[in-house]
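Peer 1: Residue numbers (my numbering): -10 to 109.
Input: one structure, supplied below.
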C-alpha cells in the first residue's frame, strides 16, 4: 500500500478520520463512479463501513437479500444470453465492487492471522 498525503478541509478531514481503518476502502468504492443499479451495492457497503465496524463484522458482512437477488437475476440472464447492455455494465460494476470487498476481507483475515486472533 502507498501512503498518501492530501490537503482537505477540516470538516472533510474529520469525516475521513471517523472512517478509521476503512477509509481506503470507502474512498475506492466511492471513486468507482457506478452508472447503474450497482451503485446501490456500493452505497450499502460504504454505509456499513462508515459505521466503523470491527474486523469480525466486516468478515461476516453480506449484501442485503434484495441485492443478492438482483445479482442472481443478472447472472441468470447472462447465462441465458438475455442480458441487456446496461445489465452487462451493471454486472461488470458489481464485479469491481465485489473484488474491492473481497480484497479487504482477505487483508483483514491475513492481519488477524498474523496477530494470532481468530478469523471466525
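Beta carbons are placed, not taken as given, at the ideal position from N, Cα and C, and that holds for glycine.
Which two residues bound the contiguous alpha helix (DSSP H) that contains residue 69?
Peer 2: In the chain shown, the residue the question calls residue 69 occupies position 80. No alpha helix (DSSP H) contains residue 69, which DSSP labels as neither H nor E.
Peer 1: Output yes or no for whether 7 Å exceeds the beta carbon distance between residue 94 and residue 21.
Peer 2: One-based indexing of the chain shown puts residue 94 at position 105. One-based indexing of the chain shown puts residue 21 at position 32. In this structure, residue 21 does not lie closer than 7 Å to residue 94 by Cβ.
Peer 1: Could you give the C-beta distance for residue 26 and residue 103, rounded to a whole number, given that I count them as a contact under 8 Å?
Peer 2: Here residue 26 corresponds to residue number 37 of the chain shown, with the count starting at 1. Here residue 103 corresponds to residue number 114 of the chain shown, with the count starting at 1. At roughly 37 Å, the Cβ-Cβ gap does not stay under 8 Å, so residue 26 and residue 103 are not in contact.
Peer 1: Can you tell me the Cβ-Cβ gap for residue 89 and residue 17, rounded? I've got them flagged as a contact below 8 Å.
Peer 2: Against the chain shown, residue 89 aligns to sequence position 100. Against the chain shown, residue 17 aligns to sequence position 28. That belief holds up - the Cβ atoms of residue 89 and residue 17 are roughly 5 Å apart, short of 8 Å.
Peer 1: Less than 8 Å between the CB atoms is what I'm expecting for residue 5 and residue 39, so what's the real figure, rounded?
Peer 2: Here residue 5 refers to the residue found at position 16 of the chain shown. Here residue 39 refers to the residue found at position 50 of the chain shown. Contact doesn't hold; Cβ gap of about 10 Å is too wide.
Peer 1: By how many angstroms is the C-alpha of residue 56 removed from the C-alpha of residue 63?
Peer 2: Taking the first residue of the chain shown as position 1, residue 63 is located at position 74. Taking the first residue of the chain shown as position 1, residue 56 is located at position 67. So the alpha carbons of these two residues sit roughly 11 Å apart.
Peer 1: Can you grab the Cα-Cα spacing for the pair residue 49 / residue 81, in whole Å?
Peer 2: Stepping through the chain shown from its first residue, residue 49 is reached at position 60. Stepping through the chain shown from its first residue, residue 81 is reached at position 92. Computed Cα separation, rounded: 24 Å.
Peer 1: How is residue -4 classed by DSSP in three states: helix, strand or coil?
Peer 2: Taking the chain shown and counting its residues from 1, the one referred to as residue -4 is at position 7. Residue -4 falls in the coil class under three-state DSSP.
Peer 1: Are residue 58 and residue 9 touching if we call contact CB-CB under 7 Å?
Peer 2: Translated into the one-based positions of the chain shown, residue 58 becomes position 69. Translated into the one-based positions of the chain shown, residue 9 becomes position 20. Result no, Cβ atoms of residue 58 and residue 9 do not sit closer than 7 Å.
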